[in-house]
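Chains as they are written, first to last, in the working numbering: chain L, 1 to 349; chain Z, 1001 to 1280. No residue lacks a Cβ here, since even glycine has one placed at the ideal position from N, Cα and C. Let me begin by presenting the structure, written as structure tokens, before commenting on it.
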């Protein structure tokens, strides 16, 4: 069998249970070199446990972790070619910025000149030049975040792990740091894996998204795939906004309780249809509904309406005369393109 | 300083001045007075200080030695206990601290007498040693020695070392320890480069408490020290009471105080040097 180019990180049947509680059900996952991968899920879905198993802080109940083809399952975090940016940063308060960043190299007893050079390089990368001698408690949250990043990057890890890296920052700073992270990722060409509960952050940063729920991987794909073709109702609801309409499939034709019919191959039985809010447009005929709420979002208007079957649908329109007509109480019809609908089997939760 | 702060500090300040600062200064002045046939007379004499430096210098050194040994032992043992309570006992850590505090209620003399009955010639330890056949006759050096004094002082003063160390260990974040491991730190490096440097203040308080209380003690050496384990405090008491030589007692007290400050300064300096950040 020809040897396939092996991924940088491979998880095989990795799982973790705490007593009777299953935090992570056995899963397989591969992350290619150069990927910026997001592990996305609600709190308590096992995403942090998964990250800690990759870093070596949590011992898996079963399965293996392979980095660059090497089995590192038995190694502690100090022996793995990974470095982590922690949610609370975990900076050393008794050391200056430069001493924090140099910590890992100092442990390895690198020549002082090399260490100094790499510290300067790392601080430049995170745009903290001139902060060398500052003490940690004099820094803002965003600056502390950058020190934590520099401290991990200076080790030149094969994989950089980030645990909710931006959760503690306010919105403006978060957007700024997202840009910075993308730039750094592009600059050093490394492999980043980060955990987040924020779908916007996952999409803004990652080229690969792993959606987790209740200890399982629900879907693995590009942000576009996850958004446009969610693999399950959970993904459809958790990632972005979606209208979910119940229906019944018979002979390759789905009839929605709300009215419209959609051609869809598959076994007969109950199904759900998912439509993203920007794919619905007011039209002369289609999905009939009564508007119950309208929110002005600035660049767009968000409309909530109830179908004749009593199901809630979400519509997003650019602000304009079309949107202005959709006041609460008005009866309208919404049209959608056939490819805007994603039919999900009832079995796919 | 704000007016409110002055108002709030003044009652405590007044008490401090009246019962400590002023008497201390007066006592210091007395060390330059002279005493003739049990009568104090104001004077500018260095006789008392001369007596301290010629007759008591060796005893002062031994006293400091007992104090330093006690301080170091208390700090090391206190750190081990506090470390276990903080990082190994989980949520029982605070309970262990409560237990530590409770031992302070045991009283000081009770502990000394307990050690007397353990270390004495017909004490528990000697009986056990003879019963197991390890020795034929009681070991006399167990009690009435410098080591007996140190053992009893460490036992009594350990809580004073544990509490400040535990308090500062609680401020060491678990994440910073994980971060250090992630960056490649071994268990030893975790201790010497992350934990100890962060709790310097706690370590110093622990040493200062136990060292000062030990160096100033005169009851423990009186009951457990015999002749080889005597300390300066006993002689200060003697000068003030039996000999009614207040100048001598005062000079010895202040001499010891000064020596203690030197020891504390040196200890603080050595600790800072040992725990300073390695090359950045």
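Nonlocal neighbours in the same chain, by C-beta distance under 7 Å from residue 68/L, ignoring five residues either side: Taking the first residue of the first chain as 1, we reach residue 68/L at position 68. Counting only Cβ-Cβ distances below 7 Å, and skipping sequence neighbours, we find 8 and 158.
Is there a Cβ from chain L that is less than 7 Å from the Cβ of residue 1176/Z?
Residue numbering aside, residue 1176/Z sits at position 176 when the second chain is read from its first letter. Output row for residue 1176/Z: interface = yes.
| field | Which of helix, strand or coil DSSP assigns to residue 12/L | value | As a first step, residue 12/L is located in the first chain; it is residue number 12 there, counting from the start. Residue 12/L falls in the strand class under three-state DSSP.
Spatial neighbours of residue 1053/Z in its chain, beta-carbon cut-off 8 Å, leaving aside the 5 residues before and after
Start at 1 with the first residue of the second chain, and residue 1053/Z comes out as number 53. Taking residue 1053/Z as the centre and dropping the five residues before and after it, the same chain places the C-beta of 1255 closer than 8 Å to its C-beta, in chain order.
**Report entry** DSSP-derived helix/strand/coil call for residue 1071/Z
**Finding:** The residue you call residue 1071/Z lines up with position 71 of the second chain. Under the three-state reduction of DSSP output, residue 1071/Z falls in the helix class.
Bridge partner(s) assigned by DSSP for residue 343/L:
The residue you call residue 343/L lines up with position 343 of the first chain. Residue 343/L is bridged by DSSP to 273/L.
Quiz prompt | Through-space distance from residue 181/L to residue 1186/Z, alpha-carbon basis | solution = Numbered from 1 along the second chain, position 186 holds the residue referred to as residue 1186/Z. Numbered from 1 along the first chain, position 181 holds the residue referred to as residue 181/L. One C-alpha to the other measures close to 30 Å.
Next item on the list: Might you give, ordered along the chain, the residues of its own chain that have their beta carbon closer than 7 Å to the beta carbon of residue 141/L, omitting 5 neighbours on each side?
Entry: Within the first chain, residue 141/L is the residue found at index 141, counting from 1. Taken in chain order, the residues that qualify are 168 and 169.
Leaving out the 5 sequence neighbours to the left and right, which residues in its chain are closer than 7 Å to residue 349/L when beta-carbon positions are compared?
Start at 1 with the first residue of the first chain, and residue 349/L comes out as number 349. Low per-residue confidence applies at residue 349/L: pLDDT is 46, beneath 50, and the placement is therefore not dependable, though the value from the model is reported in the following sentence. Cβ-Cβ distances below 7 Å link residue 349/L to 232, 233 and 234 in the same chain, with the five nearest sequence neighbours on each side left out; the list follows chain order.
*Could you have a look at residue 1273/Z and say whether DSSP puts it in helix, strand or coil?*
Taking the first residue of the second chain as position 1, residue 1273/Z is located at position 273. Here residue 1273/Z sits in helix by DSSP.
- Query: residue 1259/Z to residue 1030/Z, Cα distance in whole Å?
  - Reply: The count along the second chain starts at 1 and reaches residue 1259/Z at position 259. The count along the second chain starts at 1 and reaches residue 1030/Z at position 30. The alpha-carbon atoms of residue 1259/Z and residue 1030/Z are separated by roughly 19 Å.
What does residue 1159/Z touch in chain L if you count any residue whose Cβ is under 8 Å from its own?
Here residue 1159/Z is taken as the residue at index 159 of the second chain, counted from 1. By Cβ distance, chain L contributes nothing, its closest Cβ being about 26 Å from residue 1159/Z, past 8 Å.
Please specify which runs of the beta strand (DSSP E), each continuous and at least 3 residues long, are wholly inside the region 1119-1168 of chain Z, giving them in chain order. Segments of the beta strand (DSSP E) lying fully in the region 1119-1168 of chain Z: there are none.
Straight-line gap, residue 1019/Z to residue 85/L (C-alpha atoms, nearest Å) = The residue given as residue 1019/Z occupies position 19 in the second chain. The residue given as residue 85/L occupies position 85 in the first chain. Going by the C-alpha atoms only, they are around 55 Å apart.
Point to revise | Buried/exposed call for residue 285/L, threshold 16 Cβ in 10 Å | key: The residue given as residue 285/L occupies position 285 in the first chain. Residue 285/L comes out exposed.
To the nearest whole angstrom, what separates the beta carbons of residue 260/L and residue 287/L, a pair I think is in contact under 8 Å?
Counting from 1 along the first chain, the entry for residue 260/L is found at position 260. Counting from 1 along the first chain, the entry for residue 287/L is found at position 287. With a Cβ gap of about 6 Å, residue 260/L and residue 287/L count as contacting.
Assuming the contact rule is C-beta atoms closer than 8 Å, residue 45/L and residue 190/L should be a hit. Round their C-beta distance to whole Å, please. For the purposes of this step, residue 45/L is identified with residue 45 of the first chain, where counting begins at 1. For the purposes of this step, residue 190/L is identified with residue 190 of the first chain, where counting begins at 1. The C-beta distance from residue 45/L to residue 190/L rounds to 26 Å, too long to meet the 8 Å contact threshold.
Residue 1232/Z in three-state terms, based on DSSP:
On the second chain, position 232 is the one that residue 1232/Z refers to. Residue state, collapsed to three classes: helix.
| So residue 147/L and residue 97/L are in contact, right, with Cβ under 8 Å, and what is the actual spacing, rounded? | Translated into positions along the first chain, residue 147/L becomes position 147. Translated into positions along the first chain, residue 97/L becomes position 97. Rounded, the Cβ-Cβ distance is 6 Å, consistent with contact.
Own chain, CB closer than 6 Å to residue 22/L, minus 5 neighbours either side, in chain order: Locating residue 22/L in the first chain gives position 22, where the first residue counts as 1. Closer than 6 Å at Cβ, skipping near neighbours: 215.
Exercise. Where DSSP assigns a beta bridge to residue 37/L, which residues make up the other side?
Worked result: Along the first chain, one-based indexing puts residue 37/L at 37. In the DSSP output, where bridge partners are listed per residue, residue 37/L has 193/L and 208/L.
**Request:** Consult DSSP for residue 1114/Z and reduce its assignment to one of helix, strand or coil.
**Result:** The sequence position of residue 1114/Z within the second chain is 114, counting from 1. In this structure, DSSP gives residue 1114/Z a helical state, which the three-state scheme calls helix.
Requested in this report: Quick one: residues in its chain with C-beta nearer than 8 Å to the C-beta of residue 1097/Z, no 5 flanking neighbours on either side, listed in chain order?
Outcome: As a working note, residue 1097/Z is residue 97 in the second chain. Closer than 8 Å at Cβ, skipping near neighbours: 1085, 1162, 1163 and 1166.
Q.
Considering just the uninterrupted stretch of the alpha helix (DSSP H) at residue 1094/Z, what are its terminal residues?
A. Position 94 of the second chain, counting from 1, holds the residue named residue 1094/Z. That run of the alpha helix (DSSP H) goes 1093-1103.
(Q) For a cutoff of 7 Å on Cβ pairs, would you count residue 1090/Z as touching chain B? (A) Structure shown: chain B not included; protein chains present are L and Z.
**Prompt:** Is residue 1164/Z close to chain L, meaning its C-beta is less than 7 Å from at least one C-beta of that chain?
**Reply:** Here the question's residue 1164/Z lines up with position 164 in the second chain. Residue 1164/Z does not count as touching chain L.
*Report the three-state DSSP secondary structure of residue 1039/Z (helix, strand or coil).*
Here the question's residue 1039/Z lines up with position 39 in the second chain. In the structure shown, residue 1039/Z sits in a strand (DSSP, three-state: E or B).
Contact with chain Z by residue 81/L, beta-carbon distance below 7 Å: The residue labelled residue 81/L in the question sits at position 81 within the first chain. Not an interface residue.
Beta-carbon proximity of residue 1221/Z to residue 1230/Z, cut-off 7 Å:
To locate residue 1221/Z, count along the second chain from 1; it is residue 221. To locate residue 1230/Z, count along the second chain from 1; it is residue 230. Their beta carbons are under 7 Å apart, which means residue 1221/Z touches residue 1230/Z by this criterion.
Let me see if you follow: with CB-CB separation under 7 Å, is residue 1126/Z close to chain L or not? Against the second chain, residue 1126/Z aligns to sequence position 126. Among the residues facing chain L, residue 1126/Z is not included, as its CB has no counterpart in that chain under 7 Å away.
- Query: When you check each C-beta in the region 1178-1205 of chain Z against every C-beta of chain L, which residues fall closer than 9 Å?
  - Reply: Here the close residues are 1178, 1179, 1180, 1181, 1182, 1183, 1184, 1185, 1186, 1189, 1193, 1194, 1197, 1198 and 1200.
Review point. With burial defined as no fewer than 16 other Cβ atoms inside 10 Å of the residue's Cβ, what is the status of residue 105/L: buried or exposed?
Key: Within the first chain, numbered from 1, the residue matching residue 105/L stands at position 105. So residue 105/L counts as buried.
Buried or exposed (CB count within 10 angstroms, at least 16 for buried), residue 109/L: Against the first chain, residue 109/L aligns to sequence position 109. Around the Cβ of residue 109/L, a 10 Å sphere holds fewer than 16 other Cβ atoms; the residue is exposed.
### Message
According to DSSP, simplified to helix, strand and coil, what is residue 121/L?
### Response
Here the question's residue 121/L lines up with position 121 in the first chain. DSSP places residue 121/L in helix when its eight states are reduced to three.
Q. Beta-carbon of residue 1277/Z versus every beta-carbon of chain L: anything under 7 Å?
A. Sequence index remark: in the second chain, residue 1277/Z carries index 277 (1-based). So yes, residue 1277/Z belongs to the interface.
_Length-filtered (4 minimum) alpha helix (DSSP H) runs lying within the region 295-325 of chain L_ = Whole alpha helix (DSSP H) segments, 4+ residues: 321-324.
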